[in-house]
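Colleague: Each residue of the sequence shown is one higher than the last, beginning at 0 in numbering that gives the first Met the number 0. Pasting a structure here, questions to come.
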Amino acid sequence: MIEDDVIADADWPLFGWSDDVRPMLARALLAGRPAALATLYKVEGSAPRGPGAQMLFDGSQASGYFSGDCIEGDVARHAAEVLASGVPQRLHYGMGSPWIDIRLRCGGALHVLLERIDPGSAAARALLDNARERRSCLWSTDGSDQQVLPGDDAPLLSFAQDPLRIQRRYDPPRRLIVSGGDPGALALAQLAADAQFETLLLRPGGPDGPSPFAKVEYLRGEPAALLPELGVDRWTAYVGATHEDHHDLGGCLHALRHGAGYVAMIGAKSRAPARLAALEAAGATAEDLARLHLSPGIAGLGKAPWEVAVGILAEVMQALNPSRERA
């Protein structure tokens, strides 16, 4: 049973931090439980989130948010009904809504589709398989007929009215690979993990024991050897932060050649010409080198490890959101 009052009146609404519903969906399916998926498919006027934002409800747990506390409790109440009946619902809040007692502070209107995902859903399994294999796909649904289609070049969300069918694109989870072990590299890894990135920390010859970061995968090998095994794609960022060219240059070269969405190497500006020359000699093209950030991050935030890490992660987020369409 979904406890809408827990969601609506939560002292600490941490459920809103999770933007990707797939991890919670995977846990629900593994446990054999149905889940209720809510998709914001149309926005009129001003709103905190855009079309494509989603929430998932699994028992008393929730993931995601739409309005920052205006409607989440009511969506949870309807999600419980959808879980019980299996019948999808279309919800309309704000301007023109039948629920005049639920007000949106932004003054706009939100349209939400709620649907039940059964634990044996072939479409849900395909959605999760695409995420594991790092492929984009489309969740195509009218609330009852759920399909997963190829969707690499599709918009984040599209829909048709009468009858309603929405298509919501899912990209592979954003991933940050950082090499290094100084305070700046560690701060970047921790911050990226807290920001919901799949995060890997590479430390060539690093400590044998586990890292202190529960949400960061720690590997001890060379970046040039590990990146081919890990795989690099346009939803991956690589930051070389060992400050040693014999470690970082090989990682940068592989990331550039294999289409990483963001590639950077930390170091003094005076080292840039020699680094560019070394990469060019190793086969990097002019187009590759134009994508390399040798002074990464947003200037002016400060030079303490956390300040540098914030600036770099902000730049990574911009680079991995080229169409500026994140909901």
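Glycine included, C-beta positions come from ideal geometry on N, C-alpha and C.
Rounding to the nearest angstrom, what Cα-Cα distance links Pro12 and Lys268 in this structure?
Modeller: Taking the straight line from one Cα to the other gives about 43 angstroms.
Colleague: Can you check DSSP and say which residues form a bridge with Pro149?
Modeller: Bridge partners of Pro149: Cys136.
Colleague: Given that a residue counts as buried once 16 or more other Cβ atoms are within 10 Å of its Cβ, and exposed if not, what is Pro227?
Modeller: Exposed: under 16 other Cβ atoms inside 10 Å.
Colleague: Exposed or buried, Leu168, counting other C-beta atoms within 10 Å across all chains shown (16 or more means buried)?
Modeller: Going by the sequence as given, residue 168 is Arg instead of Leu. So Arg168 ends up on the buried side.
Colleague: In the DSSP assignment, find the beta strand (DSSP E) that holds Gln195 and state where it starts and stops.
Modeller: Run containing Gln195: none; DSSP gives neither H nor E here.
Colleague: DSSP three-state call for Ala121: helix, strand or coil?
Modeller: Correct three-state label for Ala121: helix.
Colleague: Classify Ser157 as helix, strand or coil using the three-state DSSP reduction.
Modeller: Three-state result, Ser157: strand.
Colleague: Between the Cα of Gly220 and the Cα atoms of Arg323, Gly258 and Asp207, which residue gives the shortest distance?
Modeller: Per the Cα distances, Asp207.
Colleague: Using 8 angstroms as the threshold, is the C-beta distance between Ala283 and Leu252 below it?
Modeller: Going by C-beta atoms, Ala283 is nearer than 8 angstroms to Leu252.
Colleague: From what residue to what residue does the alpha helix (DSSP H) around His246 run?
Modeller: Note, His246: alpha helix (DSSP H), Asp244 to Arg256.
Colleague: Please state the DSSP three-state secondary structure of Asp18.
Modeller: Of the three classes helix, strand and coil, the one that applies to Asp18 here is coil, per DSSP.
Colleague: Flag this pair as touching only if the stretch 14 to 32 and the stretch 114 to 123 have three or more C-beta atom pairs under 8 angstroms; answer yes or no.
Modeller: Output reads yes: the stretch 114 to 123 touches the stretch 14 to 32.
Colleague: Determine the DSSP secondary structure at Met0, reduced to helix, strand or coil.
Modeller: Here Met0 scores only 47 on pLDDT, less than 50, and its place in the model should not be relied on; the value that follows carries that caveat. Here Met0 sits in coil by DSSP.
Colleague: Give the DSSP bridge partners of Ser84, in chain order.
Modeller: Ser84 is not bridged to any residue.
Colleague: Please state the DSSP three-state secondary structure of Asp57.
Modeller: Here Asp57 sits in strand by DSSP.
Colleague: Between Gln189, Ala298 and Ala240, which has its C-alpha nearest Val262's C-alpha?
Modeller: Val262 has its Cα closest to that of Ala240, out of Gln189, Ala298 and Ala240.
Colleague: Using DSSP with H/G/I as helix, E/B as strand and the rest coil, what is Glu324?
Modeller: It is coil, neither helix nor strand.
Colleague: In the DSSP assignment, what residue or residues form a beta bridge with Val111?
Modeller: For Val111, which the question treats as bridged, DSSP gives the partners Leu39 and Leu90.
Colleague: What is the DSSP secondary structure of Ala267, reduced to helix, strand or coil?
Modeller: Reduced to three states, the DSSP call for Ala267 is coil.
Colleague: Mind checking whether the beta-carbon of Ala192 lies closer than 7 angstroms to any heavy atom of the ligand FAD?
Modeller: By its list of ligands, the structure shown contains no ligand whatsoever, and the ligand FAD lies outside what it can speak to.
Colleague: Nearest-angstrom Cα distance between Glu43 and His91?
Modeller: Straight-line Cα distance between these residues: approximately 11 angstroms.
Colleague: Alpha carbons only, please: which of His257, Gln317, Glu80 and Pro209 is nearest the one belonging to Ala223?
Modeller: When each option's Cα is compared against that of Ala223, the closest is His257.
Colleague: Would the stretch 53 to 61 and the stretch 117 to 132 be scored as touching if the rule is three or more Cβ pairs under 8 angstroms?
Modeller: Segments in contact, no.
Colleague: Rounding to the nearest angstrom, what Cα-Cα distance links Phe158 and Leu291 in this structure?
Modeller: Roughly 37 angstroms separates the two Cα atoms.
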